[in-house]
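Each residue of the sequence shown is one higher than the one before, starting from 254 at the first, in our numbering.
Beta carbons: idealized from backbone N, C-alpha and C, even for Gly.
To keep things clear, I will list the structure first and then write my remarks on it.
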Amino acid sequence: MQNIISLKDVNVTFDGETILNNISLDIKDKEFVTFLGPSGCGKTTTLRIIGGFLTPDSGTVSFDGKVINNVPPYKRNVNTVFQRYALFPHLNVYDNIAFGLRVKKMPEKQIQKNVAEMLELVNLRGFEKRKVNLLSGGQQQRVAIARALVNKPKVLLLDEPLGALDLKLRKEMQTELKAIQQRLEITFIYVTHDQEEALTMSDTVVVMNNGDIQQIGTPVDIYNEPINAFVADFIGESNILDGIMRKDFLVEICGREFECVDKGFGEDTPVDVVIRPEDIRLIDVNDAKITGVVETVTFKGVHYEMVIEAYDYSWLVHSTKAAELGSAVGLTFDPYDIHIMRKMRDKA
């Protein structure tokens, strides 16, 4: 797929504070891309730059190979769905969706056809005359999406559009949004701080922090091969440990040596070691290199979450079987479940 949007060396500052720090990014046509990161990381600013609501201090923004830095939002083939849906309360569902087409002075017969297609797409057929303030949050969100899509943009920007919905409805809408994107075959650029949303819907995840892009990759790559401790800690739950890379394929953790699948770090190099909670198995203390004491056991529905105190670390372990509170246990994991990263920060 070819690139539809490219950001090159984009910088944004506000009141002397760096909001975006020289970021570069290519977004492919028909791709579902998610900007993921904590509040204040720059993800919404990046979205606003793509939409034309903000001009970068320096750098270029290109659309289909043409620089669009000075192109106003209404002249870009891009539409936006905001967290606050900004529906017109005095208009019904049909007129809300038709609004943009009427501004373009499209013939009413064509408007009827296009609006009907959108109502079918977002499962709101039969709601045409309903007042928007009588709709549920999920239904209002569908109207906002239909209104944005009826103009047939090449790119749809979504700024945390599910933030106001309850958990069950959010999960349902995640599935629906992905289905809509695949059916229409247009580019979706989505902003969220919710890791599960990003992993569930995206083709590509862009992890951001403090105005920098930390890692770009598929959800599987981001989860299984985090590039640094920030990404590992932000994407899901992780045990992040101090380690020493003794040599290729051998790392020392808690004074014990373990085989791993990583290389190229040099000998006796301090590293960050990431082990996901679901990759740790509890075994008999006599068979383990690392042993500890069970401090907490919490039932989470599909698994038990346990905290094991071992060698000055609080190890997080997920298992379908619970250990006894206060008991001594051994911890083990396989070489390919040990993820080695260059040390990015000091730990307290």
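Query raised in the report: Looking only at its own chain, which residues have a Cβ that is under 6 Å from the Cβ of residue 441, when we skip the five neighbours before and after it?
Result: 285, 409, 434
Query raised in the report: Per DSSP, what kind of secondary structure is residue 452 in: helix, strand or coil?
Result: helix
Report task. Indicate whether residue 524 and residue 469 have their beta-carbon atoms separated by less than 9 Å. Result -> Not a contact, by the Cβ cut-off of 9 Å.
Report task. Please look up how many angstroms separate the CB atoms of residue 290 and residue 477, rounded, as I've assumed it's under 8 Å. Result -> About 19 Å separates the two Cβ atoms, so there is no contact after all.
**Report entry** Nonlocal neighbours in the same chain, by C-beta distance under 6 Å from residue 464, ignoring five residues either side
**Finding:** Once the five neighbours on either side are set aside, the close Cβ partners of residue 464 are 271, 272, 273, 274, 295.
Requested in this report: Could you check what DSSP says for residue 468 in three-state terms: helix, strand or coil?
Outcome: strand
Query raised in the report: With 16 other CB atoms within 10 Å as the buried threshold, where does residue 257 fall?
Result: buried
Query raised in the report: When you compare each of 565, 531, 584 to residue 627 by their alpha carbons, which one comes out closest?
Result: Nothing about residue 627 can be read from this structure; the chain reaches only from 254 to 601.
Report task. Answer yes or no: do residue 340 and residue 427 have a C-beta to C-beta separation smaller than 9 Å? Result -> no
Requested in this report: Identify which residue in 319, 356, 312 has its Cα closest to the Cα of residue 327.
Outcome: 356
Query - Simplified DSSP assignment, three categories, for residue 390 - result: helix
Requested in this report: Indicate the three-state DSSP secondary structure (helix, strand or coil) for residue 510 in the structure shown.
Outcome: Of the three classes helix, strand and coil, the one that applies to residue 510 here is strand, per DSSP.
Query raised in the report: Taking just the CA atoms, how far does residue 489 sit from residue 267?
Result: 31 Å
Query - Selection from 509, 336, 367, 588 that minimises the alpha carbon distance to residue 413 - result: Among 509, 336, 367, 588, the Cα nearest to that of residue 413 belongs to 336.
Query raised in the report: My guess is that residue 310 and residue 265 are in contact by the Cβ rule of under 8 Å, so how many angstroms apart are they, rounded?
Result: 6 Å
Query raised in the report: How would you call residue 454, buried or exposed, if buried means at least 16 neighbouring beta carbons within 10 angstroms?
Result: Here residue 454 is buried. Its C-beta has 16 or more other C-beta atoms within 10 Å.
Query - Sheet register partners of residue 496 (DSSP bridge) - result: The partner list for residue 496 (beta bridge, DSSP) reads 506, 524.
Requested in this report: Please name the residue, chosen from 496, 550, 401, 425, that lies closest to residue 332 on a Cα-to-Cα basis.
Outcome: 401
Requested in this report: Could you name the residues of the same chain whose beta carbon sits closer than 7 Å to that of residue 601, not counting the 5 residues immediately before and after it, in chain order?
Outcome: Confidence in residue 601 is poor, its pLDDT being 39 and thus under 50, which makes the residue's placement too unreliable to answer from.
Query raised in the report: Are residue 579 and residue 538 touching if we call contact CB-CB under 9 Å?
Result: No.
Query raised in the report: Among 591, 397, 323, 572, which residue has its Cα nearest to the Cα of residue 553?
Result: 572
Requested in this report: Consult DSSP for residue 599 and reduce its assignment to one of helix, strand or coil.
Outcome: With a pLDDT of 45 at residue 599, under the threshold of 50, the modelled position of this residue cannot be trusted, and the question is left open.
Query - Cβ neighbours of residue 280 in the same chain (closer than 7 Å, five flanking residues each side left out) - result: 256, 257, 258, 286, 440, 442
Report task. Just the C-alpha distance for residue 374 and residue 399, rounded to the nearest angstrom, thanks. Result -> Those two C-alpha atoms are separated by around 8 Å.
Query raised in the report: Tell me which same chain residues have a C-beta within less than 6 Å of the C-beta of residue 422, skipping the five on either side of it?
Result: 391
Report task. Ignore the nearest five residues each way along the sequence and tell me which others in residue 562's own chain have a CB closer than 6 Å to its CB. Result -> 545, 546, 548
Query - Member of 466, 420, 505 whose CA lies at the smallest distance from the CA of residue 299 - result: 466
Query raised in the report: Assuming residue 590 and residue 532 make a contact with CB atoms under 8 Å, what is their CB distance in whole Å?
Result: Confirmed, about 4 Å.
Requested in this report: Might you give, ordered along the chain, the residues of its own chain that have their beta carbon closer than 8 Å to the beta carbon of residue 378, omitting 5 neighbours on each side?
Outcome: 369, 372.
Query raised in the report: Where residue 497 and residue 543 are concerned, what is the direct C-alpha to C-alpha distance, given to the nearest angstrom?
Result: 16 Å
Query raised in the report: Looking at the structure shown, is residue 359 part of a helix, part of a strand, or coil, going by DSSP?
Result: coil
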